[in-house]
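First residue of the sequence shown: 116, per the working numbering; consecutive thereafter.
The beta-carbon is built from N, C-alpha and C at its ideal position, and this holds for glycine as well.
A quick write-up on the structure given underneath.
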Amino acid sequence: MRYHYSKWDGTQEIESVDAKFVFDQLSDDLLYNGDVASALRELMSRGFRRPDGTRVQGLTEMIEKLRKRRAELLRSRNLSSVYDSIREELDSIVAMETAALDEAEHVTNEIDPSVAQHKRLELSAMSDDLAQHLKDLRGYEFFSAPARQRLEKLISDLRDQLIQSTFSQMKGSLSNMDAKERQRLAQMLGALNDLLSKRAQGLDVDEDFSMFKDEYGDMIPDVSSLDELLELMAGQAAAMASFMASLDEQQRMELSELFEELLGDLDLAWQLDMLAENLSSLGYAPNASPVGLRGDQDVSLGEVGELFSELTRIDQLEAFFKNPPSSASLADLDLSEVGELLGDDANRSLAELAKLAKSLQEKGLIDNHGGFLRISPKGLRHIADKALEELFSKLKSSGFGEHPSWKSGFGSDLEYQTKPYEFGDSFNVSINQTLKNATLRQGMGFPIKVSADDFEVERTEAVVSTSTVLLLDLSLSMPLRDNFLPAKKVAVALSSLVRSKFPRDFFSLIGFSEVAREIPIAELPSVTWDYVYGTNIAHALALGRKMLKGQRGTKQIILVTDGEPTSHVLPSGEIFFSYPTAPETLKATLSEVVKCTKGGIAINSFVLDADDHLKRFMDKLVRVNGGRVFYTSGDKLGGFVLVDFLANRRSSL
């Protein structure tokens, strides 16, 4: 099979995002805050790796590139050169005329000295103001034909450059326009202003806009609606407004008057003023922000529009990247424009980021519920299975529980070892071993005759039914100490383990802070910490005890916490809170421990970041209940819980 490789140009079809691969990279964020939209924004911000190891750029990386590009433009360009170059050219034209007068008077005697002197006085009396100076020169009768031609060329060039900058986002046909084409440009603006006036009156202009495109389609960008054209025009107006705002007051005033002088006799100035008014009335007023260019690279008037349009696009993209409404909203961007600013790799990355939510929905990992994205049941199972796989992987690499110490007995989980069949054994026949025994006894040949002594059965681990309630600390100290995520991973991993391996077991979950509450397994992904202080272990134990009442088999409560009890429920129903632990809170908590113990419920505690006060409380709990306590850290919590859970399911026969 042959493959053809070509440079990315933004038009190639992007392969579908590997939804499960991406979802795995979302899992920690989903577990941490339970918010799909927030997790997607975080993933879009930081980017991710594709299955082949290459990177999809994140929005943070793109923002940094935009900032570098902006800094490069500001650092390299000299904005004053626009004003200075026009001033210098006018001065050069005056100098050329003066030199011609001097030569004609003193060398060739082509001019009367009094006439020459009058012209010199006329030149010296001209205004220093840029626009007025140009106007004075336009009204001056030149002696030097080359000087006059140079002025005419300057005026023509400045008009072209001004039109080019003012309409920098329009089609290339607007550059190097002759007088007839400039007149048509004025007519186009007049027709557009008529359209906008109708729009402002609330009239339907769809048909008018279609006719406008038919007439002037060669002069405007390829747009599908009037609003799209207005956004482009407003962007151009903002670019020129930012240019003017970036000049000092004198330069701004003089250039503004100069532009009026250049475009006034073409009807363009008036039409542009009308366009600005219409855009403003329709909510498209340009936002002019001054920009400090401080480089030494000269900028011409014709380059100003493109320069400030690029700066404006950079600002708009950065603002959008900082807070995109959704991943799908990235598809609304002009990827070719992004490619120009950030390169082809960013272009492709954006196309992939735009498909994130859609790909996850198509795979059934998330769904849209009333306009809100949430983890689907399939997504929950995937996260839980991944959390379980991750914890078992850590156990394997760390050597946790590798020593075989299990005894055999009746049950359902196969050890994949065999033994001769004895009366009373479960009849899980090992076909391979039974036929092997018969062959060894009678020799090769067919048919194989099997006797009672040939039968071997597969050994099973002795497994007991278990009813478990996990108490998960949701107080504010858990995230503050970075314990929330590993604790929540334990919860989802245990739910996966019970669902997949021990479906007959009872497993439930209780979250607690200042009070406790049952958490349905389906809602586990969205569970987050409570923004309150208070660790009401007593209430959590009471709810757990009620849930285990009537359940069969071994009963246990798994307590995961990083704090000693600091609150309990008063007989009145009010919440009592005290730090450090008040005697009455300790008494209420130990009272629940006693009730659990009398109910045959073992309390196995997994304690994070324990201080001396918490250790003393745990010592009292263990003395009353007889359960176990494990002092651990977030990175080892999952291993301790899983090993202990599995060990409790095996009886000693």
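Going by DSSP, A717 is part of the beta strand (DSSP E) stretching over I716 to L723. Per DSSP, the beta-bridge partners of Q671 are T583 and A717. With fewer than 16 other CB atoms across the displayed protein chains lying within 10 angstroms of its CB, K735 is exposed. The C-alpha of N438 is placed about 22 Å away from the C-alpha of Q476. Taking the Cα positions, W644 is about 27 Å away from S615. Pairing L587 with V647 gives a Cβ-Cβ distance that is not under 9 Å. Between G458 and L480, the CB-CB gap reaches or exceeds 9 Å. Shown here for L249: same chain residues with a beta carbon closer than 7 Å to its own, the five before and five after excluded, namely L205, L373 and E376 in chain order.
Taking all protein chains in view, the Cβ of I546 is surrounded by fewer than 16 other Cβ atoms within 10 Å, so the residue is classified as exposed. In this structure, the straight-line span from the alpha carbon of L311 to that of E203 is close to 40 Å.
Between D227 and M241 the beta-carbon gap is near 22 Å, outside 8 Å, which marks them as no contact.
Less than 9 Å separates the beta-carbon of L277 from that of L378. Residue pairing for L216: DSSP places it in no beta bridge. Restricting attention to alpha helix (DSSP H) runs no shorter than 4 residues, the segment 256-301 encloses them at 260-281, ordered along the chain. Around the Cβ of T704, a 10 Å sphere holds 16 or more other Cβ atoms; the residue is buried. The three-state secondary structure of P601, taken from DSSP, is helix.
By the beta-carbon neighbour count (other beta carbons within 10 angstroms, threshold 16), K183 is exposed. With a cutoff of 9 Å on beta-carbon distance, L658 and E633 are scored as near each other. Check the Cα spacing between R253 and each of L307, E689, V209 and Q279: the tightest is with V209. Put simply, the backbone Cα of F138 is about 10 Å away from that of S474. Taken through DSSP and simplified to helix, strand or coil, Q351 comes out as helix.
Closest by C-alpha distance to E179, out of A461, I718, D482 and A655, is A461. Per DSSP, the unbroken beta strand (DSSP E) holding R489 starts and ends at F487 to I490. Per the C-alpha coordinates, the member of L181, A246 and F621 positioned closest to T427 is L181. The alpha-carbon separation between F358 and M303 amounts to approximately 24 Å.
Ranked by Cα distance from G715, the options E467, A294, V739 and R165 are led by V739. For V151, the enclosing alpha helix (DSSP H) starts and ends at V151 to R161. In this structure, the alpha-carbon of S259 lies about 15 Å from that of H233. Contact between N193 and V419 fails: their C-beta atoms lie close to 12 Å from each other, not under 8 Å. Given a length threshold of 4 residues, each whole run of the alpha helix (DSSP H) inside the segment 177-252 is given here in chain order: 195-221 and 228-239. Classified as exposed, G317 has fewer than 16 neighbouring CB atoms from the shown chains inside 10 Å of its CB.
Burial check for V709: the Cβ neighbour count within 10 Å stays below 16, so the residue is exposed.
Taking a C-beta distance under 9 Å as the contact criterion, I636 and L145 do not qualify as a contact pair.
A check of alpha carbon separations from R274 across E296, M389 and V605 identifies E296 as the nearest.
Listed as beta-bridge partners of E633 by DSSP are I625. Under the criterion of beta carbons closer than 8 Å, S582 and R463 do not qualify as touching, at roughly 52 Å.
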